[in-house]
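Colleague: Residues 144 to 232, numbered by this note's numbering, are exactly what the sequence shown covers, in order.
We put the beta carbon where it would ideally sit given N, CA and C, even for glycine.
Being a predicted model, the structure only gives us computed values, none of them experimental.
The structure under discussion is supplied below as structure tokens; questions concerning it will follow.
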Amino acid sequence: DEYFRVSNCKSAKDMWDTLQVTHEGTTNFKRSRINTLTHEYELFRMKTNESIQDMQKRFTHIVNNLVALGRIFPNEDLINKVLRCLSRE
């Protein structure tokens, strides 16, 4: 698959740009994805009848996707966010 994506490229830079867009997405797509995930992060709450393990999995998934896109969170912020999101039940 990779070969066919770059086989018509004229230079190494064209190949690199093609592969970068293929695997990372365009700048606009990345910005949109960061905005969506940040919104999910900000609104994150524990669901009714959700276990702590399931909540942690959802939270980790959001944070890991943001980190992969270059958004880094201090550990203290993550801990405080999780503590604020816990259900009172």
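Give a yes or no on whether the C-beta atoms belonging to I205 and L180 are separated by under 7 Å.
Modeller: Result yes, Cβ atoms of I205 and L180 sit closer than 7 Å.
Colleague: If you scan the stretch 160 to 224 from start to end, which runs of the alpha helix (DSSP H) of 4 or more residues do you find wholly inside it?
Modeller: Qualifying alpha helix (DSSP H) stretches, in chain order: 170 to 186, 195 to 211.
Colleague: Apart from the five residues just before and just after F187, which ones in its own chain have a Cβ nearer than 8 Å to its Cβ?
Modeller: R201, F202, I205, K224, C228.
Colleague: Would you tell me roughly how many angstroms separate the C-alpha atoms of R174 and G213, rounded to the nearest one?
Modeller: Cα to Cα, the separation comes out at about 10 Å.
Colleague: If I follow the unbroken alpha helix (DSSP H) through R231, where does it start and stop?
Modeller: From DSSP, R231 is part of no alpha helix (DSSP H); its letter is neither H nor E.
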